[in-house]
Each structure stands twice: as C-alpha cells, then as structure tokens.
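Down below is the structure, laid out as structure tokens.
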Amino acid sequence: MIDGGQLSNDWRPTARLDRLRRRAELLRETRAFFTERGFLEIETPVLSRETIVDRHLDPLSVRCDMETGDASDSARGWLQTSPELGMKRALAAYGVSLFQVTRAFRAGEVGVRHNPEFTMVEWYEVGAGIDAGIERLSQYAERLLGRPPARRVSYADAFQAHAGINPHRATIEAMAEAGSRLGKTVPESLPRDPDAWRNWLLAECVEPHLGWGEPAIVWGYPASQAALARLHPDDPAVAERFELYVDGVELANGYHELLDANELAARARSQNRAREAGGKTGLPAPNRLLNAMRAGMPSCAGVALGFDRLVMIATGSTDIREVMAFPWDRA
Amino acid sequence: MAVYKTSEFRKGLKVQIDGEPYLMIEMNFVKPGKGNALYKCRLRNIIRNTVLDRTYKGGDTLEAADIQEIQTQYLYKQGTTFVFMDNASFEQYELSAEQVDDNWKYLKDGMVCSMLLYNGNPIAVTPPNHVELKVEYCEPGVRGDTATNVTKPVKVETGAEFVCPSFIEMGNVIRIDTRTGEYVERAST
C-alpha cells in the first residue's frame, strides 16, 4: 500500500468487458461507414488557442507553459467542446468531406448521460443540404444500431404532440403551465428567456417520448437556437438545424452549416453577451475560423454525435458509466 | 452560512430551503446539447419527512443546513418533555413528545442516543439499533413451549407494549430492534 493510501476499489473500471467489446465494434463500424462513403478521417487539436463561443458550453481552460521562451506560448489553451473549429478550417482549406472520432470536454457536465470528457463523432459532408444531412444521419443510425430509417418530425409538431403547445408562439406562462400540467416541477429560477423555457419543456416533456421504435430526427428549430446553422431561406424564423433521438436520448446535433463569417462573428458576440449576463466569462472570438470562412468554406452539412450515448443505446445501458472504463469519478 | 453551487449538488447534501433543513435524496443533471443545464432535485424534509421536488438552473445556489449529530444520554422525562444530556459538553437538551415520536418506547435512563441539532436546536433523536427491555407484565407462558410462532403482547419497563413469543415470562429481558419495533431474542431470564 502506498504511504497514506487506503485500500480501495476505485482503480477498477465501471464498464463490463462485454460492453467495451461492443464499444470497440461500434468504433470500427463508424470508421468503416464513413470511409466507405469517401469521407477522410482527420485529426484536429483537442487543446487549442480558440474555442467555440456558446452561452451554454463551458470549455475547460489549460495553462500552457511551453517553455520555449516565446511569450505567446505561455498563453491559455482550451480543451475543445467539439472539434468544430479545426474541422471547418480544414474543410475551408481542403474542400473534401471529413470525419473525426475524438475526445471533447465540457466543464460541469456530470450525470447519467454526461461525463466531462466524452467521445464525439463529427462529420462534414461537402455539398449536402439539410435533407441530405438528415438522410446521412439516419443511415448512420440504421447501420450502427440496426434500427429502421428515422422518422422526421418538426420541432413544432414534437412540442404539440407531447406538451400540447406551439413552441414558436407560446408565452413563458403557457410553457410553465404546460409542464406543470404534465406533473413537472416548474424551475422558479429560470430567466425570462423563452429559449430557457423551451429547453426545459424539451428536456422534461418532449425528449423522453422521441425515437421509440424508429429513431426520430427533429428539424426546424427556432432561429434563436440556430447556433452555427443557416436560417431557412424562405422562413428566417426557423434554423436549418436537426437533432437525432433514439429511445428518448439525444444522440446528435446537425446543421446545414452557416458560411457567412460576419453572421458568425455577430452570433459569437451575442453568445458572449448572454454568457456575461448569466455571470459567465466571455470567450475570445474564433478568429482563425472567421478567417477560414472569409477565405471560403464549401457548402456542407455537419453533424456531431455523442458516441458514448450511442454505445449506451446499443448495449441497453442506463448510465454513461457503464460504457466507459474510467468516468470522471474514477479518472 | 456556507452555500452550495449547482456544480456541488449531489445525493446526501443537507441544505436549507424556506428556513427548513432538507436532505438531497436524488439529483439528476439534465442538459439538452444546445440548451441550459437543469438540476432536478428530490429533497426530504429532515424534520417533517415530507418530500419536495425542485428544479434548479446552472448557477443557482442552496444554503447549507447547519445540521450536527451529537451523542447524548437520556436523563429523564418531565411531564411531556424528554431531557437528554450532550456527552461531550454536558449541556442539556429538551425534546417534546412529538419530536421523540415512537422512540419513547425504548428510552431507559442513561441510554446513549444520537441526536440531530438544526441551528443548535434538537430536532430528532435515534436510540441504538438494539435495546434490552425488562418485561413488567404479561400473561403466563406455556412452560416448555419454545416455538416462536405463537405470540402474545408484553408490557415492558418503559410502559410500551411489544409482541413476543409466548414463552417470554415476567422479569425476562428481551432484545428489540428499534428500527422495526420487532422482538429479536430473549436476552436473559
């Protein structure tokens, strides 16, 4: 026994070996799926100087003392919340469809479906619009999970069906009332921001019903939740964003990708204002990505998928700790 | 007073809500990929045992409840008040019959009980898991019948009644499990 140490079992993995074998198979299947379709596997930095500016994503920061004598080398680095910045810069430079399986980090996210360090499958398909993007995601879920093709459901219809309201028009009071009617505890402290209330209803009342039998792909999110998606050309109130749900679990998020650098810069500023209003620190503008977009990024659809959750679905696990050897409390 | 941030929320936390102490018995982190984090908590009121569901957003805080557990000795009963003494400080604490609840059945002079203090005031007392009580009265047993499936009520020194096997006699000492109120065995004859 190490001096001062205690005999303890916390060196052990939390996942059973059969689940990790299945995980390895799904990883091989993922690489085969994209390689067969002409996507190039690429690696981009996990630790980077720039990070995605999102009001609800907190990147972990790292002090980088490279000891090269270059002052800029003792700057702060960020562990990526997704490989989006690097992959889009590569996309602008090479112009070919790309995929990556990598680790992503999100501060403070611990729960039965969250671990602060997790595995993400992310891909960008050059020339694909929202329909082709949804189709590719559906094919991937079919191949990896052996499920029937996904059913498409609009964001509005999903809310109407499971919460009985129109999410684009309902007032905050109506949303609180709808959740309360379904037996949910109204979060008193939520700000008077319709998106916060939509997300509460989504998480509590809508998501649990999505994707049973066949997977569900939800599309047509409010423009205020566009993140890095384009707005619909005929209806700018709606974003060209989509999400995959299987067995009530959110698995992937996709965009018909925004190409306009000025629009991205404006969205980053507005996300930073929201961060600061919520007591979080602002994040630096993603200048290298903005320059890549100014140089010209090909039109494409991009998807980020939580691989650990995919393994959970494939193995019937209810806790993310069952599909990773060493989750945060054992890391 | 210490506060807990949402990132510190977990099962077992003792917090204060609307002036009352609660134990966090469940905590679920929920977050849509592009949305705000929610913390779904189930809390049990430590005094009244009622259950409360609350959903918090990231950045909210809860005050820590000042809950302390001390070892006390039961001294005596005065009217409807039960008097205990802190084994460390010798300070005396009084609990009402309501606070002592069913535990009066087990209290013998000098018995060591753990006591919960909330903001320095006693709110509950827990006797040892097993106590030995002398039988003061019961109907005579059938000699030689050691079967435990034939039972009868007995009255013990604290005035409480328990259900025992029929071979128990007046003057016997019986062992009772205070968590269930059930007879365990005969400690002595």
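If you read the sequences in order, they're chains A and S. Using the numbering used here, the final residue of the first sequence is 334, and nothing's skipped along the way. Using the numbering used here, the final residue of the second sequence is 192, and nothing's skipped along the way. Quick reminder that beta carbons are idealized off the backbone N, C-alpha and C, glycines included.
{"Item": "According to DSSP, simplified to helix, strand and coil, what is Gln163 (chain A)?", "Value": "helix"}
{"Item": "Which whole-angstrom value describes the C-beta separation of Thr58 (chain S) and Lys80 (chain S), a residue pair presumed to lie in contact below a C-beta threshold of 8 Å?", "Value": "Not a contact, Cβ separation roughly 44 Å."}
{"Item": "Taking C-beta to C-beta, are Ala264 (chain A) and Met296 (chain A) nearer than 8 Å?", "Value": "yes"}
{"Item": "Rounding to the nearest angstrom, what Cα-Cα distance links Leu205 (chain A) and Glu23 (chain S) in this structure?", "Value": "32 Å"}
{"Item": "Please confirm whether Ala240 (chain A) has its beta-carbon closer than 8 Å to some beta-carbon of chain S.", "Value": "no"}
{"Item": "Can you list, in chain order, the residues of its chain whose CB lies under 6 Å from that of Asp21 (chain A), leaving out five sequence neighbours each side?", "Value": "none"}
{"Item": "Applying the 10 Å Cβ sphere with the 16-neighbour rule, what's the burial state of Met4 (chain A)?", "Value": "Residue confidence is low: Met4 (chain A) scores 44 on pLDDT, short of 50, so the model does not pin down where it sits. No coordinate-derived value is stated."}
{"Item": "The beta strand (DSSP E) spanning Asn31 (chain S) covers which residue range?", "Value": "23-33"}
{"Item": "Can you grab the Cα-Cα spacing for the pair Thr74 (chain S) / Val103 (chain S), in whole Å?", "Value": "It should be noted that the sequence gives Gln, not Thr, for residue 74 (chain S). Those two C-alpha atoms are separated by around 15 Å."}
{"Item": "If we count Cβ pairs, one from each stretch, closer than 8 Å, do we get three or more for the region 253-267 of chain A versus the region 34-44 of chain A?", "Value": "no"}
{"Item": "Enumerate, from N- to C-terminal direction, the unbroken beta strand (DSSP E) stretches of 3 or more residues contained entirely within the region 206-239 of chain A.", "Value": "219-225"}
{"Item": "Distance, Cα to Cα, Thr129 (chain S) vs Tyr140 (chain S)?", "Value": "26 Å"}
{"Item": "Is the beta carbon of Trp203 (chain A) less than 8 Å from the beta carbon of Leu41 (chain S)?", "Value": "yes"}
{"Item": "Does DSSP classify Pro190 (chain A) as helix, strand or coil?", "Value": "coil"}
{"Item": "Would you check if the distance between the CB atom of Ala166 (chain A) and the CB atom of Ala144 (chain A) is smaller than 8 Å?", "Value": "no"}
{"Item": "Flag this pair as yes or no: are the beta carbons of Ala317 (chain A) and Leu140 (chain A) separated by less than 8 Å?", "Value": "no"}
{"Item": "Residues of chain A with CB closer than 7 Å to the CB of Arg189 (chain S), please, in chain order.", "Value": "The premise fails here: Arg189 (chain S) is roughly 40 Å from chain A at the closest Cβ pair, so nothing lies under 7 Å."}
{"Item": "Could you compute how far the alpha carbon of Leu98 (chain S) sits from the alpha carbon of Arg184 (chain A)?", "Value": "41 Å"}
{"Item": "Per the DSSP calculation, Glu253 (chain A) is bridged to which residue(s)?", "Value": "A:Tyr248"}
{"Item": "May I ask you to report which of helix, strand or coil DSSP gives Arg13 (chain S)?", "Value": "coil"}
{"Item": "Quick one, which residues of the region 56-85 of chain S are near chain A if we go by CB-CB under 8 Å, in chain order?", "Value": "Asp56, Arg57, Thr58, Tyr59, Lys60, Gly61, Gly62, Asp63"}
{"Item": "To which residues of the same chain is Gln19 (chain S) closer than 6 Å at the C-beta, ignoring the five residues directly before and after it?", "Value": "Glu66, Ala68"}
{"Item": "Using three-state DSSP, classify Met4 (chain A) as helix, strand or coil.", "Value": "In this prediction, Met4 (chain A) has a pLDDT of 44, which is less than 50 and means its spatial position is unreliable; nothing more can be read from the coordinates."}
{"Item": "Using a Cβ-Cβ cut-off of 6 Å (strictly less than) and excluding sequence neighbours within five positions of Glu29 (chain S), which residues of its own chain qualify?", "Value": "Arg45"}
{"Item": "Out of S:Glu135, S:Val157, S:Phe85, S:Glu94, state which residue places its alpha-carbon closest to the alpha-carbon of Ser169 (chain S).", "Value": "S:Val157"}
{"Item": "Is the beta carbon of Gly89 (chain A) sitting closer than 8 Å to the one on Pro48 (chain A)?", "Value": "yes"}
{"Item": "Of all the options A:Gly114, A:Glu112, A:Met123, which has the alpha carbon lying nearest to the alpha carbon of Ser85 (chain A)?", "Value": "A:Met123"}
{"Item": "Asn39 (chain S) versus chain A: which residues are under 7 Å apart at the beta carbon?", "Value": "His59, Ala199, Asn202"}
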